[in-house]
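Peer 1: Top to bottom, those sequences are chains A and B.
For what it's worth, the numbering used here labels the leading residue of the first sequence as 976, then goes sequentially.
For what it's worth, the numbering used here labels the leading residue of the second sequence as 2, then goes sequentially.
My questions all concern the structure below.
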Amino acid sequence: MMAAMAVVVLRGPRGHFRWRVPTCTRGVRGAASPAGGQQDFDLLVIGGGSGGLACAKEAAQLGKKVAVTDYVEPSPQGTRWGLGGTCVNVGCIPKKLMHQAALLGDMIRDAHHYGWEVAQPVQHDWNKMAEAVQNHVKSLNWGHRVQLQDRKVKYFNIKASFVDKHTVCGVTKSGKETLLSADHIVIATGGRPKYPTHIEGASEYGITSDDIFWLKESPGKTLVVGASYVALECAGFLTGIGLDTTVMMRSIPLRGFDQQMSSLVTEHMESHGTRFLKGCVPSRIEKLPAGQLQVTWDDHASGKEGTGIFDTVLWAIGRVPETRNLNLEKAGVNTNPKNQKILVDAQEATSVPHIFAIGDVAEGRPELTPTAIMAGKLLAQRLYGKSSALMDYSNVPTTVFTPLEYGCVGLSEEEAVTVHGQEHVEVYHAYYKPLEFTVAERDASQCYIKMWGLLYTGNADSGHPSYLLRGGGQAAHLQAFRPGPYCDRLLRLKHHPCQTEGTHVPSPTRRLLSQLDPGLTDLGASPGDSRRHPWSTVCPAGMAPGSIQLTPVP
Amino acid sequence: MEQPPSPPPPPPPTSPGLGKAGVVPSRRLGTVRGGPMSSPPERRARLSSPGTSRQFSEAREEVRRRLRDLIEGNRVMIFSKSYCPHSTRVKELFSSLGIDYNILELDQVDDGANVQEVLTEISNQKTVPNIFVNKVHMGGCDRTFQAHQNGLLQKLLQEDVAHDYDLIIIGGGSGGLSCAKEAANLGKKVMVLDFVVPSPQDTTWGLGGTCVNVGCVPKKLMHQAALLGQALQDSRKFGWAYNQQVKHNWEAMTEAIQNHISSLNWGYRLTLREEGVAYVNSYGEFVEPHKIKATSKKGQETFYTAAKFVIATGERPRYLGIPGDKEYCITSDDLFSLPYCPGRTLVVGASYVALECAGFLAGLGLDVTVMVRSILLRDFDQEMAEKVGSYMEQHGVKFLRKFIPVTVQQLEKGSPGILKVMARSTEGPETVEGIYNTVLLAVGRDSCTRKMGLEKIGVKINEKNGKIPVNDVEQTNVPHVYAIGDVLEGKPELTPVAIQAGKLLARRLFGASSEKCDYTNVPTTVFTPLEYGCCGLSEEKAIEVYNKENIEVYHTLFWPLEWTVAGRDNNTCYAKIICNKFDSDRVIGFHILGPNAGEITQGFTAAMKCGLTKQQLNDTIGIHPTCGEIFTTLQITKSSGLDITQKGC
């Protein structure tokens, strides 16, 4: 299995050398005579991911001399990739494309209900998908390099570490050193998947999200360890393309997300064919003579040991920031000793005023591409006088691309209750059935929507909705529900017929109708029962296809 | 079938505090203030001008109107104060008589003092309780007990039976049903008359109106069928492998969709029954101001009377009035239940109905031609409309522009048969002829208002288009007759609008609400192969209203991530917003052409209702990777003329 692991070498046949050669020569010269070869910049960005590139490009746009260093340390399985960071290479982009592949599988199944006569068997070819996805990613790598060149940002494919507060030493793959110095330095090195430390065979035989998207061959029967969104998304698309997939989770799914929504996500996955081993922790992995992996685990519930045989074991148990090899202590940059993340203030400044950190490497920031991009841009704008605006990290929307997508913005119900107190929080919710599910005879048991608001809403600035949406790329609209003032008043006229309509129908509240069940609303079907809430102020509608009754949380 | 409508049986109130619809949570009574008073402070501030006293009198007028509605809309209306012992006695009296009553507790309304003043003006009585029975001012507690003893009260109460119903609604579509349900919820005796006059091709359907039977629901499902066809093509690029031969079976699709619709029809009937609304499957026609004639399918006539009426009869497709149109052409009334595949199809018209139908028919693999007299999607943003059209054209739909059909002849009968269409140019003497299996007319819709006796009771309609003009509370020129939905003049013809208007109307008529339907910033989506969603103004309209130099248009082309691997058109999907430069760059128009446009537009509509500005969009974090995130990074203005094509990624 592992022999098939893709080893992606940047030096493709497409002439990447043209850049690398001058860079390397300079690097060589720099290494030979550091004093003479040292290059000075206004801004040096360490890490060519979403945040770093955005920051670099913005600074260059503002007329500054900018350099970006990027270096992908191969994963334990030897996987490496090009410029662009996690999102482009081993994150958002390939996962959404593989998610799409899985959704298309559902659509092929739906198609016959809509009159399409598709002959059996329908099979999925991993190699074809992976190649298509990888080609797209490579085109993005290329695009990022072109963009840097267009904006006159110097790109170094070197592994950087601090020499002192203003100087960074970069080492190329072949060991050549370059010294770079800058007035301002931005650390945007992101994170990498965590491997368990005390499990025999873990790093030897296991892979991570760094590898899965670059596999040339199908992973086959897969054990996904962890219950992070990475774990569930990977398990979701693997199941969707027809692989036997098991998720092993120690405790709760999607820690940090709304737990009711999270359990609906896993419930839907289970009904979709993903197996779950709950309350289990792996203890060792052995390779069988035939090449398969035998995994042994402790089942905490029963206290017994379990074993299973898989083709692939995917660790998705969290990520660690890439700070260990930066020699941060030489620059005096402080990190959180617990998780090694870099401590930053509201300006993104570290303990050293001219050194900044953005993106996943910074302590307390959401680990999301769009936040890193915006933070990087705003940082460059502040540094070079275009603006003084700080990055606002509140109300950042996100979507988990599990087979049934889960989108949310604002607080989870748990957080809402903790922050405001149970008595001040009102939750509106509904189960609903997308119109397209009806004819396709799809199960909509987990299509669910909820939002909460503060009671006594003279100041209704907290109508933070959180939703669970159906699969099918519908997450896009969530974009617009970033809570702002007046959320209570906005819910007026609706669209039709589409799922989003549901968010416009907050009707009853838990407080007065706590005994009611949030009955299933068929989008485009069963008329809602507005008698239950004759005093609702917005729109119980109900008669119309597409409208959803949001009924109270029992 | 006529069902003797049983009035909703609410148990007689057992305690004064629990009078049926009477006790309304005080928060809701706040709405009695109504109108400008309930506007948010921000908006009021903007409105504030020399006219404050005028505003005050308007507010006063609004309270007066509300009170009048309460008095007229309730058999027994008690204005009281929750702590007043006399009020309690009166409530107990009516409870003991088993008579429903409605209460307004003046001490629980925000502007109770105001209300009491106006009430004094109306009734010449300063004190509470202040009781009205059948619109007649009864007086206070003592007067009421006196009337009870001398029989006057009973007599007054009996007069109420003069009408069979509190409300009769003509038309059981989205708007009518929503209004009926809400009125029934508020304890009123309600009847719905619904009758589907067969189309010239003899198509009929069940309860629920256009949307459910021959509109939104079936068209979105057929659109979905077409999208699945696209998905099948994409799927191979994503690694799915199966036999290349994929055919579409029209009958299987139509049956599945019709089954779904039948379940919806059934659901509506069930709900009406549960709500205690009388449903009669008959054609309604006014014969007297308060009397309606209902004619069943078998020609049986029944008469009903009501205090108030709502016209919600909607519209039906228009015919061209050319030889052969009614004999051989179909419309959207027929297409969704057509028992055979339409085959080679000519769609006449360029309304959204025309383009949607042409789009999904082509998506199912049919040979489709659209004949356009002038422009696509009139009243929509024309740049977007042209993009919708050009995507369709690239995907196999043929457009025949500036032609109108002259005759339709049948060459051969069959399912489908063969038709010959002659058309002439709108610009010259040129004519063309074409052979099609099916001709679908989608050249507009006409209101169903001309054959319902409106002239007998004096309800005015616009003679040109048959639409009914109403005031801002959906009232026609005849005070007890209201209208909602597609029959309204100058209002959007959309299901959710009708639903909202119907519900709010019922609440104003029978509840303590003064909330009016807000017809601004209504979003909509055209479900063409590439969906087009919009909210607010088109670019043309924005220029007309604000002038070109006062608006800024931000736009970009984009390439959905899912389309990259699928190898679908780059630089096709398009996003555009129109901002008012002199109002903080407020977004006054939102347009998107791309997958899931409906879902995306819905969300941004909410934001626009909150006064979304360009800066707020810029400050919004995207969800990556989605299409909607494009709106958080719009940078290029149309006025800059910069290139918006996407290169590489």
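Think of the CB as a built atom: it goes at the ideal place given N, C-alpha and C, for glycine as much as any other residue.
All figures in this text were calculated on a predicted structure; none of them were measured in a lab.
#1: Buried or exposed: which applies to residue 652/B, given that a residue is buried once 16 or more other Cβ atoms fall within 10 Å of its Cβ?
#2: Take residue 356/B and list the residues in its own chain whose beta-carbon comes closer than 6 angstroms to its own, dropping the five residues that flank it on each side.
#3: For residue 1112/A, tell me which candidate among 1070/A, 1341/A, 1134/A, 1236/A has the shortest Cα-Cα distance.
#4: Check whether the Cβ atoms of residue 171/B and residue 310/B sit closer than 8 angstroms, and answer yes or no.
#5: May I ask which residues mark the beginning and end of the alpha helix (DSSP H) holding residue 124/B?
#6: Quick check on residue 251/B - is its C-beta less than 8 angstroms from some C-beta in chain A?
#7: For residue 151/B, count neighbouring C-beta atoms within 10 Å of its own C-beta (all shown protein chains included) and say buried if the count is 16 or more, exposed if not.
#8: Closest Cβ-Cβ distance between residue 1404/A and chain B: below 8 angstroms?
#9: Closest by CA to residue 174/B, which one among 125/B, 502/B, 550/B?
#10: For residue 1204/A, decide whether its Cβ has a neighbour in chain B, counting only Cβ atoms nearer than 8 angstroms.
#11: Can you pull the chain C residues whose beta carbon is under 8 angstroms from the beta carbon of residue 1187/A, in chain order?
#12: Output the boundary residues of the alpha helix (DSSP H) element that contains residue 497/B.
#13: Looking at the strands, I want to know which residues DSSP matches up with residue 670/B.
#14: Taking buried to mean at least 16 other C-beta atoms within 10 Å of its own C-beta, is residue 556/B buried or exposed?
#15: Mind reading off the beta-carbon distance from residue 1210/A to residue 1200/A? Whole number of angstroms is fine, and I expect it under 8 angstroms.
#16: Between residue 1089/A and chain B, is any beta-carbon pair separated by less than 8 angstroms?
#17: Could you tell me which residues DSSP pairs with residue 1014/A in its beta bridges?
#18: Over what stretch of residues does the alpha helix (DSSP H) that includes residue 605/B continue unbroken?
#19: Chain B beta carbons: is any one of them nearer than 8 angstroms to that of residue 1207/A?
#20: Could you check whether residue 1141/A and residue 1217/A sit closer than 8 angstroms to each other, using their CB atoms as the reference points?
#21: Any beta-carbon of chain B closer than 8 angstroms to the one on residue 1408/A?
#22: Span of the alpha helix (DSSP H) holding residue 93/B?
#23: Return the CA-CA distance between residue 275/B and residue 1349/A, expressed in angstroms with no decimal places.
#24: Which chain A residues are close to residue 244/B, counting only those with a beta carbon under 8 angstroms from its beta carbon?
#25: Do you know offhand how far residue 1368/A's Cα is from residue 618/B's?
#26: Look up residue 132/B in the DSSP assignment and give the residues it is bridged to.
#27: Are there 16 or more other CB atoms within 10 angstroms of the CB of residue 1132/A, so buried, or fewer, so exposed?
#28: At what residues does the beta strand (DSSP E) containing residue 447/B begin and finish?
#29: Checking 8 angstroms against the spacing of the C-beta atoms, do residue 401/B and residue 410/B come in under that value?
#30: Identify whether residue 487/B lies in helix, strand or coil by the three-state DSSP scheme.
#31: Short of 6 angstroms in beta carbon distance, which residues of its chain neighbour residue 1250/A, apart from the five on each side in sequence? Order them along the chain.
#32: Indicate the three-state DSSP secondary structure (helix, strand or coil) for residue 423/B in the structure shown.
#33: Should residue 624/B go down as buried or exposed, given a rule of 16 or more other Cβ atoms within 10 Å for buried?
#34: Take every Cβ of the region 1282-1291 of chain A, pair it with every Cβ of the region 1185-1197 of chain A, and state whether three or more of those distances are shorter than 8 angstroms.
#35: Spatial neighbours of residue 94/B within its chain, please: CB distance less than 8 angstroms, with the 5 preceding and 5 following residues excluded, ordered by chain position.
#36: May I have the straight-line CA-CA distance separating residue 442/B from residue 347/B, to the nearest angstrom?
Peer 2: Put simply:
#1: For chain B, the structure presents residues 2 to 650; residue 652/B sits outside this window and is missing.
#2: 529
#3: 1070/A
#4: yes
#5: 113-124
#6: yes
#7: exposed
#8: no
#9: 502/B
#10: no
#11: Judged by its chain identifiers, the structure shown contains no chain C, and its protein chains are A and B.
#12: 496-511
#13: Given a span of 2 to 650 for chain B in the structure shown, any question on residue 670/B remains unanswerable.
#14: buried
#15: Incorrect: roughly 10 angstroms between the Cβ atoms, too far for contact.
#16: yes
#17: 1155/A
#18: 598-610
#19: no
#20: no
#21: no
#22: 86-98
#23: 53 angstroms
#24: 1093, 1094
#25: 15 angstroms
#26: 79/B, 140/B
#27: buried
#28: 446-448
#29: no
#30: helix
#31: 1221
#32: strand
#33: buried
#34: yes
#35: 145, 146, 149
#36: 8 angstroms
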